[in-house]
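Note sheet for the following structure.
In this note's numbering, the protein residues as written are 10 to 413.
Here it is, written out as structure tokens:
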């Protein structure tokens, strides 16, 4: 098999509004609003520099069916840059930017193949190899029926790649679109499955690779860590994957060692030093304060959450790159960092809950048509486990969220 090299990206969400973000300064807000476009520019720059054989974009190029005009223009310009150097692009639209939207559109250059709303198989010569790429775009927002049966089997003598924006039918964390089972993908005998829709980077299979690259840019506190795409090399049935981070702003949960801190100025200085050493560029950070002694806990108990977060933001504004503090959590062993009398009252209330109390709270979850069938049977063991986890959360964590 001739070696080929390509880029697998998905879930660009260009033009994301970043709703729900609070307390940002004007420059920080501008940086965040531009972050999806900047991450896309980094993807294009990487492709122009490394010249892959082709580029895959597996769904949700845009954040909404209205397809923000500025985002469309930026995307069209990027595609033209790739055309100038002869890099083909294979693009599918997902549930966010489905083909049924009413948005004005830009004409894309001829190097871009946009999949229609039914599965099609496109042939691409790469050197002496023939690469077949199968995929489809969402014709409407909700594609809830399986599409995997429409994908062709691999033909002899070709490299077969599947593009699929969807989720495993057993997934209980996300809305299930174009559901599939891993066994169904494996049965097609493809050389690589390029997935999209799930924003968490993960690999469902190694041989052959079945891969979610995650989204290109985190958009909220649940999309933590490095974000980017995979550069993939296929040769003689073997795959090598390298993750390339390109996020412009990283959402991160950061543990700060607060050992020995007695005064507030020490806390601020300590936070600045540790975040400077973090070296991850622009950050929206959830800070966890660890190893607090009794003196530090008593000091922080008397400070309101709003005041502490705002003071930390001001102290960290002196750093070279922006760090926006979205929340602060005090983490301590046992009950030392109990938040308030209310925290103790809540812990005591949970300790008194009986099986009927838990069943009432969990009723909606267990009755859900999708998630209910995957949940374990409620029994004494599960009740004790839930009670212990809830108590642990209350006792170990004090969340100081920005309420504005």
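By construction, the Cβ of each residue, glycine as well, lies at the ideal position given by its N, Cα and C atoms.
Fair warning: this is a prediction, and the values are worked out from it, not measured in the lab.
Residue i in three-state terms, based on DSSP
{"i": "residue 318", "result": "helix"}
{"i": "residue 38", "result": "helix"}
{"i": "residue 375", "result": "helix"}
{"i": "residue 324", "result": "helix"}
{"i": "residue 216", "result": "coil"}
{"i": "residue 241", "result": "strand"}
{"i": "residue 14", "result": "strand"}
{"i": "residue 360", "result": "helix"}
{"i": "residue 340", "result": "strand"}
{"i": "residue 226", "result": "coil"}
{"i": "residue 312", "result": "coil"}
{"i": "residue 192", "result": "helix"}
{"i": "residue 395", "result": "helix"}
{"i": "residue 140", "result": "strand"}
{"i": "residue 370", "result": "helix"}
Through-space distance from residue j to residue i, alpha-carbon basis
{"i": "residue 252", "j": "residue 358", "result": "46 Å"}
{"i": "residue 36", "j": "residue 165", "result": "55 Å"}
{"i": "residue 416", "j": "residue 338", "result": "There is no way to answer for residue 416, as the model of the chain reaches only from 10 to 413."}
{"i": "residue 314", "j": "residue 206", "result": "35 Å"}
{"i": "residue 231", "j": "residue 263", "result": "14 Å"}
{"i": "residue 57", "j": "residue 21", "result": "18 Å"}
{"i": "residue 101", "j": "residue 148", "result": "10 Å"}
{"i": "residue 178", "j": "residue 190", "result": "6 Å"}
{"i": "residue 50", "j": "residue 297", "result": "32 Å"}
{"i": "residue 136", "j": "residue 55", "result": "21 Å"}
{"i": "residue 261", "j": "residue 111", "result": "36 Å"}
{"i": "residue 330", "j": "residue 34", "result": "13 Å"}
{"i": "residue 246", "j": "residue 227", "result": "33 Å"}
{"i": "residue 16", "j": "residue 265", "result": "36 Å"}
{"i": "residue 53", "j": "residue 248", "result": "23 Å"}
{"i": "residue 316", "j": "residue 31", "result": "15 Å"}
{"i": "residue 234", "j": "residue 322", "result": "20 Å"}
{"i": "residue 185", "j": "residue 368", "result": "26 Å"}
{"i": "residue 25", "j": "residue 224", "result": "12 Å"}
{"i": "residue 349", "j": "residue 310", "result": "Because the pLDDT at residue 349 is just 48, under 50, the model does not fix this residue reliably, and the value given afterwards should be weighed accordingly. Approximately 8 Å between the Cα atoms of the pair."}
{"i": "residue 172", "j": "residue 238", "result": "14 Å"}
{"i": "residue 43", "j": "residue 23", "result": "9 Å"}
{"i": "residue 301", "j": "residue 192", "result": "49 Å"}
{"i": "residue 271", "j": "residue 27", "result": "37 Å"}
{"i": "residue 213", "j": "residue 305", "result": "44 Å"}
{"i": "residue 158", "j": "residue 203", "result": "16 Å"}
{"i": "residue 242", "j": "residue 152", "result": "31 Å"}
{"i": "residue 155", "j": "residue 208", "result": "20 Å"}
{"i": "residue 128", "j": "residue 89", "result": "26 Å"}
{"i": "residue 200", "j": "residue 218", "result": "7 Å"}
Residue environment, residue i, which counts as buried when at least 16 other CB atoms sit within 10 Å
{"i": "residue 259", "result": "buried"}
{"i": "residue 198", "result": "exposed"}
{"i": "residue 236", "result": "buried"}
{"i": "residue 69", "result": "buried"}
{"i": "residue 215", "result": "exposed"}
{"i": "residue 256", "result": "buried"}
{"i": "residue 143", "result": "buried"}
{"i": "residue 375", "result": "exposed"}
{"i": "residue 274", "result": "exposed"}
{"i": "residue 45", "result": "buried"}
{"i": "residue 335", "result": "buried"}
{"i": "residue 134", "result": "exposed"}
{"i": "residue 106", "result": "buried"}
{"i": "residue 103", "result": "buried"}
{"i": "residue 78", "result": "exposed"}
{"i": "residue 83", "result": "buried"}
{"i": "residue 187", "result": "buried"}
{"i": "residue 109", "result": "exposed"}
{"i": "residue 29", "result": "exposed"}
{"i": "residue 140", "result": "buried"}
{"i": "residue 169", "result": "buried"}
{"i": "residue 18", "result": "buried"}
Any C-beta of chain B under 8 Å from that of residue i
{"i": "residue 126", "result": "No chain B appears in the structure shown, which is made up of a single protein chain."}
Counting only runs of 4+ residues fully inside the segment 42 to 110, write out the alpha helix (DSSP H) ranges in chain order. 44 to 59 and 78 to 93
Quick one: which unbroken beta strand (DSSP E) runs of 3-plus residues sit fully inside the segment 257 to 308? Chain order, please. 259 to 266 and 292 to 299
Give, in chain order, every unbroken run of the beta strand (DSSP E) that is at least 3 residues long and sits entirely within the segment 146 to 174. 168 to 174
Contact the segment 112 to 128 vs the segment 85 to 102: 3+ CB pairs below 8 Å: yes
Counting Cβ pairs closer than 8 Å, one from the segment 277 to 295 and one from the segment 72 to 83, do we hit at least three? no
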